[in-house]
Amino acid sequence: MDKTTTGFVPTKAALGAKGALVYPKFFRRVEKWKAAAEDADAFLSWIRTQSDGKKKVEGAAKDPVPLASLFEKVDERMVCVPYDVTRLWFSEK
69 MDKTTTGFVP TKAALGAKGA LVYPKFFRRV EKWKAAAEDA DAFLSWIRTQ SDGKKKVEGA
129 AKDPVPLASL FEKVDERMVC VPYDVTRLWF SEK
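All residue numbers for the sequence shown refer to my numbering, where the first residue is 69 and numbers rise by one.
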């Protein structure tokens with residue numbers, strides 16, 4: 069079951085084979101996060117500084133927004149993307 073929209077812990081271990089299934093377009097970006105600590109704030113700060121986090125996504129708002137802005141904090145450990153991920157278009161520019 070995909071955990072992208074409900075919340076997942078963005079750590080290497082949590083995203084591994086026995087961890088949360090995350091929508092592939094987001095997985096390819098968050099799997100670069102190497103931290104072992106379960107810290108949603110640290111992840112959100114990190115994704116905003118990444119080139120992938122700055123790439124534009126269409127379908128979440130009227131105008132394209134940076135990918136990093138789609139992530140929201142669920143709790144101290146977890147983040148989510150509270151949008152219909154099947155309706156998002158990802159720019160590779």
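C-beta: ideal position from N, C-alpha, C; glycine also.
Is the separation between the beta-carbon of residue 156 and that of residue 128 shorter than 8 Å?
Locating residue 156 in the sequence shown gives position 88, where the first residue counts as 1. Locating residue 128 in the sequence shown gives position 60, where the first residue counts as 1. Against a cut-off of 8 Å, the Cβ pair of residue 128 and residue 156 comes out as a contact.
Can you tell me whether residue 89 is buried or exposed, with buried defined as 16 or more other CB within 10 angstroms of its CB?
Taking the first residue of the sequence shown as position 1, residue 89 is located at position 21. Under this definition residue 89 is an exposed residue.
Give the secondary structure of residue 139 by DSSP, where H, G and I count as helix, E and B as strand, and everything else as coil.
Position 71 of the sequence shown, counted from the start, is the residue given in the question as residue 139. Three-state DSSP puts residue 139 in coil, outside helix and strand.
Based on the DSSP output, what are the partners of residue 89 in its beta bridges?
Locating residue 89 in the sequence shown gives position 21, where the first residue counts as 1. Answer by DSSP bridge pairing, in chain order: 70.
Tell me whether residue 92 is buried or exposed, calling it buried when 16 or more other Cβ atoms sit within 10 Å of its Cβ.
Reading the sequence shown from its first residue, position 24 is the one you call residue 92. Exposed, by the Cβ-count rule.
My output table needs one value for residue 157: the three-state DSSP class, helix, strand or coil.
Here residue 157 corresponds to residue number 89 of the sequence shown, with the count starting at 1. Of the three classes helix, strand and coil, the one that applies to residue 157 here is strand, per DSSP.
Considering only DSSP beta bridges, list what residue 126 is partnered with.
Taking the sequence shown and counting its residues from 1, the one referred to as residue 126 is at position 58. According to DSSP, which records beta bridges pairwise, residue 126 is partnered with 157.
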